[in-house]
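The next block holds one structure in the form of structure tokens; read it before the comments.
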Amino acid sequence: MKLNFKGFFKAAGLCSLAFALTGCITWGLVSNTASRPHAEQWRSDTIKGLSLAEDSNGTKGYVFVGESLDYLLTTGGGEVVKMLNDPAIHGERITVSDNAKFILSSSNKNFSGAISLYYDWNNEEDKALATQYGFICDTRRCTWMLDGLTGSIHQKNKKADYSNVMVFHQPFTVGFYEYKATDGVPRGLVNALLPVTLTLDIVTSPLQFLILCTTRNC
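Read left to right, the sequence shown gives residues -20 to -1, 1 to 198 (mature numbering (1 follows the signal peptide of the UniProt record, and there is no 0)).
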């Protein structure tokens, strides 16, 4: 008996294609689903100090002085300034966590975020003073999480007087991030439509197979 391998492989191939095509509608929906928002870095800057300033609208506040841009704080910063101006606090022992992250608004003009400050205390009196400002101290170092910072980003003012900047003895880097998502069908709508598309795929699978056969001359 002569085996028809050619016909067998053709039938097997068509069966595989038919199986694959039973999910055409569902595949089209899932492949066009909008991605979840994810953070992408817009830019980074090195913060050198704090200074009192105001923007073009007359809004006064403290500014993180960066190498590239300036960052006017609309909330937060006041307690840090008070601490930096305290002669009993040793400024050279203050460090800020590097690679801090600030989240940008959709316009890339406003930001929000937090920074962590560290203070290496020298004696019990030093430690007690740090706790008054909000530091939490262990046996060697004090930590202060300064959250709720919000502000706006500005080009450097060439006329600004930076002579009174409260300098961070150890500058720190801040990364500015924006949330992005690819366009497509919202995930909530996809989840709601999946049962419908699966049913449609089952019902229309013979038609999907017939269309494939017509285009491939089965």
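Note that beta-carbon positions come from the ideal geometry of N, C-alpha and C, so glycine has one too.
Nothing here was measured: the structure is a model prediction, and the numbers come from that model.
Between Val45 and Ser31, the beta carbon gap of about 5 angstroms places them in contact (Cβ cut-off 8 angstroms). Distance from the Cα of Gln21 is smallest, within the candidate group Phe152, Thr111 and Ile83, for Ile83.
Two segments are said to touch when three or more pairs of C-beta atoms, one from each, lie closer than 8 angstroms; by this definition the segment 85 to 101 touches the segment 120 to 138.
Here the C-alpha atom of Tyr51 lies approximately 6 angstroms from the C-alpha atom of His134.
Taking the CA atoms as reference points, Leu64 sits about 7 angstroms from Met146. The Cβ atoms of Val60 and Leu126 sit closer than 8 angstroms to each other. For Ile69 against Leu129, the beta-carbon gap comes to about 20 angstroms, at or over 8 angstroms, which does not count as contact. Exposure of Ser86 is indicated by the presence of fewer than 16 other C-beta atoms within 10 angstroms of its C-beta.
Ranked by Cα distance from Thr55, the first of His149, Ile27 and Gly93 is Gly93. For Val61, the enclosing alpha helix (DSSP H) begins and ends at Gly58 to Leu64.
If you ignore the 5 residues before and after Gly71, its C-beta comes within less than 7 angstroms of the C-beta of Leu64 and His149, all in its own chain and listed in chain order.
Nearest neighbour of Tyr157 by Cα position, chosen from Lys89, Pro67, Leu53 and Asp106, turns out to be Lys89. Note on geometry: alpha-carbon atoms of Glu104 and Tyr113 lie some 15 angstroms from one another. Linking Ser48 to Cys117 through their CA atoms gives a straight-line distance of about 34 angstroms.
Within the model, the alpha-carbon separation for Lys138 versus Leu53 is close to 19 angstroms.
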